[in-house]
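Everything on this sheet refers to the single structure shown next.
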Amino acid sequence: MVKKCLKRAMLENRDINLALCRFLIAYRNTTHTTTAETPAKLMFNRPLRTKLDLIRPNISLSVGDRQKRQIKTSGGSRTRNLMISQPVLALNYRGKGRWMKGTIVRILSPVTYLVQLDSGVVWKRHIDQLVGLQSTEVKFNVDKQDSICEEPTYPTVVGSSHTFPISPTANPSRTLDHSPTPISIEHPTITPRHRPADPSLSPKVISVTSPVKCSKRYPIRDRKPPDRLNF
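Note that UniProt numbering numbers the sequence shown so that position 199 is 199, with each residue one more than the last.
Next comes the structure, spelled out in structure tokens:
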């Protein structure tokens, strides 16, 4: 193959030394069929640089771009600071509510805070368990939470012995302009009939007898003190 490469260079009037160098660098970067590795990889533990390497993207630049992108998108690089008397939402591990509104009362460490709830309870929370809020955001969230938790009231039907709630109508466009008023329903009074006394329904008298004393099965053993030294 070397002879063919040199003969072709001579026929094309090219430099023989340059043709030989190009052939050798191509050969040393070509994967061998037996070892499945290039001669340059086996000798220098790295491939030789060719023109194809200039076309490929630079690894160092691509790695640097990815690292900068991670720094921008990750939350670890951003310093989160909460001030005293700042309204926050604290993560709740009790009850049904996921978040509870409170205020920062003390800073224990750069990432640990004491939060006082509206009920007066003080919690210790990490900064990952807190969400800082502004005054307008707190008002909006509280109003939204109250509107969600508030149950609608319906008019009730008052009867003689039971009270039944009336669900709203199926048409949502119809609204009531006046407050709901109770609707009373009269029931006829029913007088019970007196039945003759049934002897089977009369209360039974149960006689209680005193417990019977059981006699002992074996006779009582006569116990005598032992004689020691014949005294």
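Here a beta-carbon is modelled for each residue, glycine too, at the ideal position from N, C-alpha and C. Keep in mind the model is a prediction, meaning the values are calculated, not measured.
Rounded to whole angstroms, what is the Cα-Cα separation between residue i and residue j?
i: His126; j: Val63; result: 33 Å
i: Ile94; j: Trp123; result: Contrary to the premise, residue 94 reads as Arg rather than Ile in this sequence. Between Arg94 and Trp123, the C-alpha separation is close to 12 Å.
i: Ile84; j: Lys96; result: 27 Å
i: Gly120; j: Leu114; result: 12 Å
i: Asp53; j: Glu37; result: 18 Å
i: Arg223; j: Leu229; result: 19 Å
i: Lys216; j: Pro226; result: 27 Å
i: Leu61; j: Lys51; result: 18 Å
i: Thr30; j: Ile16; result: 21 Å
i: Arg98; j: Lys41; result: 59 Å
i: Phe44; j: Asp128; result: 50 Å
i: Lys3; j: Gln70; result: 54 Å
For residue i, which option in the options has the closest C-alpha, if you only look at C-alpha atoms?
i: Arg49; options: Glu37, Thr33, Arg28 and Thr34; result: Arg28
i: Arg22; options: Cys5, Leu61 and Asp227; result: Cys5
i: Met100; options: His32, Gly132, Val2 and Asn58; result: Gly132
i: Leu20; options: Thr33, His32, Met1 and Thr35; result: Met1
i: Asp118; options: Leu24, Lys72 and Pro87; result: Pro87
i: residue 237; options: Arg80, Asn92 and Gln134; result: The shown model of the chain, from 1 to 231, leaves out residue 237, and the question about it has no answer.
i: Leu24; options: Thr34, Pro39, Asn13 and Thr35; result: Pro39
i: Gln134; options: Ile71, Thr33, Pro219 and Gly102; result: Gly102
Answer with buried or exposed for residue i, where buried requires no fewer than 16 other C-beta atoms within 10 angstroms of its C-beta.
i: Lys144; result: With a pLDDT of 46 at Lys144, under the threshold of 50, the predicted position of this residue should be treated as unreliable, and no value is reported.
i: Ala90; result: buried
i: Pro152; result: For Pro152, the predicted model reports a pLDDT of 47, less than 50, meaning its position is unreliable and no value from the coordinates is stated.
i: Pro110; result: exposed
i: Pro57; result: exposed
i: Leu18; result: exposed
i: Leu130; result: buried
i: His178; result: Because His178 carries a pLDDT of 48, less than 50, the predicted location of this residue cannot be relied on, and the following value inherits that uncertainty. It is exposed - the Cβ of His178 has fewer than 16 other Cβ atoms within 10 Å.
Hey, is residue i's beta-carbon within less than 8 Å of any beta-carbon in chain D?
i: Val2; result: Absent from the structure: chain D. Only one protein chain is present.
Please report the Cβ distance between residue i and residue j, rounded to the nearest whole angstrom; I am assuming they are in contact, meaning their Cβ atoms lie under 8 Å.
i: Val82; j: Ile104; result: In the sequence on display, residue 82 carries Leu and not Val. Indeed they touch by this definition, with Cβ atoms about 5 Å apart.
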